[in-house]
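So the structure is just underneath, and the comments pick up after that.
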Amino acid sequence: MDPLVSIKDERCTNCFICVKICPVKAIRAISDSKAPKIDENRCIGCGDCIDACAPKAIQYRSSIDDAKTILSSKEKKIAITSPSISAEFNDITDYRKFVAMIKSLGIDHVYETSFGVDIVANKYMNFFNDFKGRYYITSCDPVVVSFVEKYHPKLIPNLVPFVSPKIAMTKVVRTKHKEKINVIYIGPEIASKDEALLYRGDGQIDCVLSFPELRHLFEEFDINENNVDFSVFDTPLGFKGSLYPLRNGLIQAAEIDENLLTTHVISIEGKKAMVESIEEFEHNVKVIHRHIHVNYGNSLTGPGISNKGNRLFKEHLVIKYANKRISNFFRAEWYQDLENYSLLSFDRKFKANDQRLPDPSEEEIQKALKLMGKKAEDTSDCNQCGYNSCREFAIDMAKGIVIPEMCSTFALSHSKTFNETLKELNEKLAITRQTLRETEAKVKTEHDSARQASELTNAMLEKLRAGIVIVDYKLKIVKANSVFCTILGEEAEEISEIIPGLVGADLKKLFAPDIYNLFSYVLTDSESIDSRDVIHKDKILNLSVFPIINNQVAGGIIRDMKAPEVQRAEVIKRVSEVIDKNLEMVQQIGFLLGEGASDIEKMLNSVIKFYEQEKRTK
Ligand code: SF4
Ligand code: SF4
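1371 is the number that my numbering gives the last residue of the sequence shown; the numbers go up by one with no jumps.
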């Protein structure tokens, strides 16, 4: 079974309000921005954390599915409603409509707890009148009972040993209906959901619905006062038990003397009042000399009631409803019922379930104070954590209930560190930004330089009379000048107008293998090929290929040997080569023959001069 109260971690915003508000410190704060954890064993089911949690991360166990299962069963279904209905359903004009709406859900009989209140009140009256020297704490409120069992187990013998009115009424109803029945209790105290689990047999409640859950069912089944007829509560009806939701409603129902000068019972209500009065009762009962009737106050407030309006107005509604119920009341009949059903056993026992945490040592407390950033002499006690003093906070910190982050001094000093860290980070960020700006400027300059260099190279390549081509290791053209395109022919020239420099073109598609293999060779072996004549279509090309980046980029210089300017230069070059070779021969012959060689040299030199002159005049 799900715990009575649980936290949906994903909704939690780590505000720690629930940790601060829990009257029994059943919620532990956890570091690392995790949602707090509710200790199910320590929880007393007051529901305060649920109402305090703004993001609605805390919820109580839903009983809607259980109720639907009961409603769809073939067995007889009984509903018992709390007298608090008057404070919750003030939007329903007549309580008879309310009864009819419940019956429309498929309920066979609807009873009011107020008769159970009357029975229990009567028991209390007799019990208090039969005073045997022990003072008692009333035990109608399951939150109060749980608080005593878990945090003041020594007071268990001082709890009045009777069941609560809702259990008393269940016993009445189960006695009246002999057949098998399912009982649904409808009321505002969510702790009743756990209380019901304690009883089997004639006190067994099969499902506890809160008022918001009942409204949910009305809505789901489309039930409202306009589509039902009047109906009435089943008997036995309550008398003054309708006043039960009020602080001293039970005492009034019991007609116990409340005169402040003579009374033996003090009525107390509220969270702080419950905690303090029971604490005081434990230590000072000999001085108090009174029974205490304690309510946590959830009959008109808390998460089990959806009307969050003004409390006094709700009290007014309860009184108005009680007056209406007891007007024309058949007191004799009620008295007879009271006598009859009072014969049932309404006794109950309580069980210690000590959840008190051991007190930490002084050393542990001092360690916690130090961690909070508090010095021994520091008594600032700002109370912002919700504690009366730093020491109290430190004690709970040592017990593992709160974490230092909840202390504003710690949070502040931590935020200082955080701010310093933030400042450092900002400074680093500023330096990084500046570096980035400088790098960007440098890259831009380099980019501009590279662009200028590229433009310069392109211009220079275009000035050359030879065809220039640069290819990558896949023989794709990286760059080529216009002379290269001209050498390749018209088609290549047209393409170069669209793709300048034939960038990306495949050399293998432009040349035959005997030419492009020369480039492959240079790229593979990283050795130059100098002045190789090759045939391309109808042209004789003179090709030199050389590596630019070993194995990656190679360059080629190509000259069309049929071009006039190339022809003349080439003739001169080649005649020079012939002369050099002949001269070498002549020198060798001269060396052998001695005379006559100089005349031949003169003749050949004159041929060279002629061609050079020709070149200059062109
Ligand atoms: S009150 Fe709600 S949001 Fe705040 S810490 Fe508790 S569960 Fe989380
Ligand atoms: S229901 Fe009450 S006792 Fe339980 S965790 Fe919430 S505030 Fe604490």
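We treat Cβ as the ideally placed atom computed from N, Cα and C, and that holds for glycine.
_Our contact map puts residue 991 next to residue 867 with C-beta atoms below 8 Å; I'd like the distance itself, whole angstroms only._
2 Å
_Using CA atoms only, rank isn't needed, just tell me which of 962, 1221, 1179 and 954 is closest to residue 823._
For the set 962, 1221, 1179 and 954, the Cα lying nearest the Cα of residue 823 is the one of 962.
*Over what stretch of residues does the beta strand (DSSP E) that includes residue 1296 continue unbroken?*
1292-1302
*Keeping to the same chain, check which residues put their C-beta closer than 7 Å to that of residue 1006; ignore five residues upstream and five downstream.*
870, 871, 874, 993, 994, 996 and 997
*Would you give the residue range spanned by the beta strand (DSSP E) that residue 784 belongs to?*
It is not in any beta strand (DSSP E) - residue 784 carries neither H nor E in the DSSP assignment.
_Are the CB atoms of residue 825 and residue 981 within a distance shorter than 8 Å?_
Contact: no.
*Rounded C-alpha distance that separates residue 1107 from residue 943*: 22 Å
*By Cβ distance, which residues of its chain are closer than 7 Å to residue 809, with the 5 residues on each side in sequence left out?*
764
*So does residue 1055 have its beta carbon nearer than 7 Å to some heavy atom of ligand 2?*
no
*For ligand 2, any of its heavy atoms closer than 7 Å to the Cβ of residue 804?*
no
*For residue 1042, count neighbouring Cβ atoms within 10 angstroms of its own Cβ and tell me buried if that reaches 16, exposed if not.*
exposed
*Is the beta carbon of residue 831 sitting closer than 8 Å to the one on residue 877?*
no
*May I ask you to report which of helix, strand or coil DSSP gives residue 1377?*
Not covered by the structure: residue 1377. The range shown for the chain is 754 to 1371.
*Have a look at residue 1048 and residue 1111 and give me their C-alpha separation to the nearest angstrom.*
27 Å
_Beta-carbon proximity list for residue 977, same chain, < 8 Å, skipping 5 on both sides_ = 854 and 971
*Residues near residue 989 by beta carbon distance below 6 Å, same chain, minus five either side*: Closer than 6 Å at the Cβ level, and outside the excluded window around residue 989, lie 868 and 1090.
*asked:* Less than 7 Å separating the Cβ of residue 797 from some heavy atom of ligand 2?
replied: Checking the Cβ of residue 797 against ligand 2 gives yes.
*Distance cut-off 7 Å: residue 1107 Cβ against heavy atoms of ligand 2*: no
_Could you give the first and the last residue of the continuous alpha helix (DSSP H) run that contains residue 1312?_
Counting along the chain, residue 1312 falls outside any alpha helix (DSSP H), though it belongs to the beta strand (DSSP E) covering 1306-1313.
_Please give the ranges of any alpha helix (DSSP H) in the region 1137-1198, keeping only runs that are unbroken, at least 4 residues long and fully inside the region._
1143-1151
_With a threshold of 6 Å on Cβ separation, who are the neighbours of residue 903 within its own chain once the five nearest residues in sequence on each side are excluded?_
Its chain contains 1106 and 1108 as the residues whose beta carbon lies nearer than 6 Å to that of residue 903, once the 5 sequence neighbours on both sides are disregarded; these appear in chain order.
*Using the C-alpha atoms, what's the distance from residue 816 back to residue 1092?*
The alpha-carbon atoms of residue 1092 and residue 816 are separated by roughly 34 Å.
*Between residue 1147 and ligand 2, is the CB less than 7 Å from at least one heavy atom?*
No, the beta carbon of residue 1147 sits no closer than 7 Å to any heavy atom of ligand 2.
*Buried or exposed for residue 1044, please, with buried defined as at least 16 other CB atoms from any protein chain shown within 10 angstroms of its CB.*
Answer is buried; the Cβ neighbour count reaches 16.
*asked:* Are the CB atoms of residue 797 and residue 760 within a distance shorter than 8 Å?
replied: Taking 8 Å as the Cβ cut-off, residue 760 and residue 797 do not qualify as a contacting pair.
*Just to check, is the beta-carbon of residue 1179 closer than 7 Å to a non-hydrogen atom of ligand 1?*
No.
_By alpha-carbon positions, which one of 1158, 1050, 1119 and 914 ends up nearest to residue 784?_
1158
*Return the Cβ separation of residue 1373 and residue 1223 in integer angstroms, given the expectation that the two are a contact with Cβ distance under 8 Å.*
Summary: the structure shown does not reach residue 1373, with the chain confined to residues 754 through 1371, and so no result is reported for it.
*Assign residue 754 to one of two classes, buried (16 or more other C-beta atoms within 10 Å of its C-beta) or exposed (fewer than that).*
exposed
*Kindly indicate which residue of 839, 1004, 964 and 828 has the alpha-carbon position closest to the one of residue 882.*
The closest CA to that of residue 882, considering only 839, 1004, 964 and 828, is found on 1004.
_Residue range of the alpha helix (DSSP H) that includes residue 1003_ = 1002-1006
_Where the alpha helix (DSSP H) containing residue 872 begins and where it ends_ = 867-882
_Close beta carbons around residue 804, own chain, < 6 Å, minus the five adjacent residues each side_ = For residue 804, where only same-chain residues beyond five positions count, the Cβ hits under 6 Å are 1056.
*Same chain, Cβ closer than 7 Å to residue 1038, five either side skipped, listed in chain order*: 888
*Helix, strand or coil: which one does DSSP assign to residue 1046?*
strand
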